[in-house]
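A.B. asks: Take this structure first; my questions come after.
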Amino acid sequence: MKNIKANDEKFTVSNCCAIILAAGGSSRLGSPKQLLIYRDETLLQRTINAVKHAGIKCIILVLGSSKDLILSQTDIAGVDVVENENWQTGIASSLATGIKALKSIQPLPDAAILMVCDQPYISSSILTELIAEGKTTGKPIIACEYENVTGVPALFNQSFFEQLENLDGDAGAKKIIKEYSDKVAIVPFPLGIVDIDTQDVYKKLI
């Protein structure tokens, strides 16, 4: 197992980048989940705004399916948009696309917060808690926990960027969180269990 150490730098808003994974085709929903409206905003716009309100200036948005439609209905000011042309192969390809874009930034951010676009209860406070927990504990992974699930949003020290980039198929960040569970600190996010995959779930939400 690769020896992973926490960066000597403490995580701060200024040296952290958010990567929003929003390339999927929403096949179970039947329309782009990125554009579903909740509280007068699309789910994607809510996610972007949560990042901005947390004070995170580095934002990478990974798009794929329905890219042009999504861009036409999204305020992407201050957001670096990258396209995953292989989005059909699974979330790992979107992760790789986002990490490659991140690695082109100089100086390289100390950490990245991985996010999805279908958690309607995402907030800036959750993101600032992830960063604060990183500063407090020094752990290289800070993940959210909901209903005994540990997952995104999750903050990863730069020592994990290569492994995130090399995941395959539908293997997402949870695989690494599980493999390195002894290096993970937790931020409770009970409402993180709510994600929008079907019309029935969306109807219950609104």
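Quick note: the sequence shown uses this note's numbering, first residue -17, plus one each step. We put the beta carbon where it would ideally sit given N, CA and C, even for glycine.
Considering only the beta carbon of each residue, do PRO170 and GLU129 sit closer than 8 Å?
C.D. replies: no
A.B. asks: Residues bridged to ALA4 by DSSP?
C.D. replies: LEU45
A.B. asks: Here's the rule: buried if 16 or more other CB atoms are within 10 angstroms of the residue's CB, otherwise exposed. What is LYS(-16)?
C.D. replies: Model confidence at LYS(-16) stands at a pLDDT of 43, short of 50, so the residue's coordinates are unreliable; what they give is reported in the following sentence. Flag for LYS(-16) reads exposed.
A.B. asks: Taking buried to mean at least 16 other C-beta atoms within 10 Å of its own C-beta, is LYS117 buried or exposed?
C.D. replies: With fewer than 16 other Cβ atoms from the protein chains shown falling within 10 Å of its own Cβ, LYS117 counts as exposed.
A.B. asks: DSSP has PHE138 in a bridge; who is on the other side?
C.D. replies: ALA94, ILE123
A.B. asks: Just to confirm, are GLN140 and ALA93 a CB contact at a threshold of 8 Å?
C.D. replies: Yes, the Cβ-Cβ distance between GLN140 and ALA93 is below 8 Å.
A.B. asks: Within 10 angstroms of the Cβ of ASN209, are there 16 or more other Cβ atoms? Answer buried if so, exposed if not.
C.D. replies: In this structure the chain extends from -17 to 188, so residue 209 is not present and cannot be described.
A.B. asks: Between the beta-carbon of ALA32 and the beta-carbon of SER105, is there less than 8 Å?
C.D. replies: yes
A.B. asks: For a quick check, are the C-beta atoms of ASN40 and ALA83 less than 8 Å apart?
C.D. replies: Contrary to the premise, residue 40 reads as Cys rather than Asn in this sequence. No, Cβ-Cβ distance for CYS40 and ALA83 is not below 8 Å.
A.B. asks: What's the gap between the Cα of ILE168 and the Cα of SER13?
C.D. replies: 33 Å
A.B. asks: Under 8 Å between the Cβ atoms of LEU149 and TYR103?
C.D. replies: no
A.B. asks: ILE(-14) to GLY72, Cα distance in whole Å?
C.D. replies: Note that ILE(-14) has pLDDT 45, beneath the 50 cutoff, so the model's placement of it is unreliable and no number is given.
A.B. asks: Grab me the residues of LYS165's own chain with a C-beta within less than 7 Å of its C-beta, minus the 5 sequence neighbours each way, in chain order.
C.D. replies: ILE(-14), LYS121, PRO122, ILE123
A.B. asks: Just to confirm, are VAL64 and ILE30 a CB contact at a threshold of 8 Å?
C.D. replies: no
A.B. asks: Need the endpoints of the beta strand (DSSP E) that ASP62 sits in, please.
C.D. replies: 62 to 65
A.B. asks: Just to confirm my understanding: we take VAL61, look at its own chain, exclude 5 residues before and 5 after, and list those with CB closer than 7 Å. What are they?
C.D. replies: ILE30, ILE41, LEU43
A.B. asks: Are GLN119 and ALA125 closer than 8 Å when you measure CB to CB?
C.D. replies: The sequence given here places Thr at residue 119; Gln does not occur at that position. Their beta carbons are not under 8 Å apart, which means THR119 does not touch ALA125 by this criterion.
A.B. asks: With distances taken from CA atoms, which of GLY151, SER9, LYS49, PHE138 is nearest GLN181?
C.D. replies: SER9
A.B. asks: Comparing C-alpha positions only, which one of LEU17, GLY80, ASP179, LEU45 sits nearest to GLU147?
C.D. replies: Among LEU17, GLY80, ASP179, LEU45, the Cα nearest to that of GLU147 belongs to GLY80.
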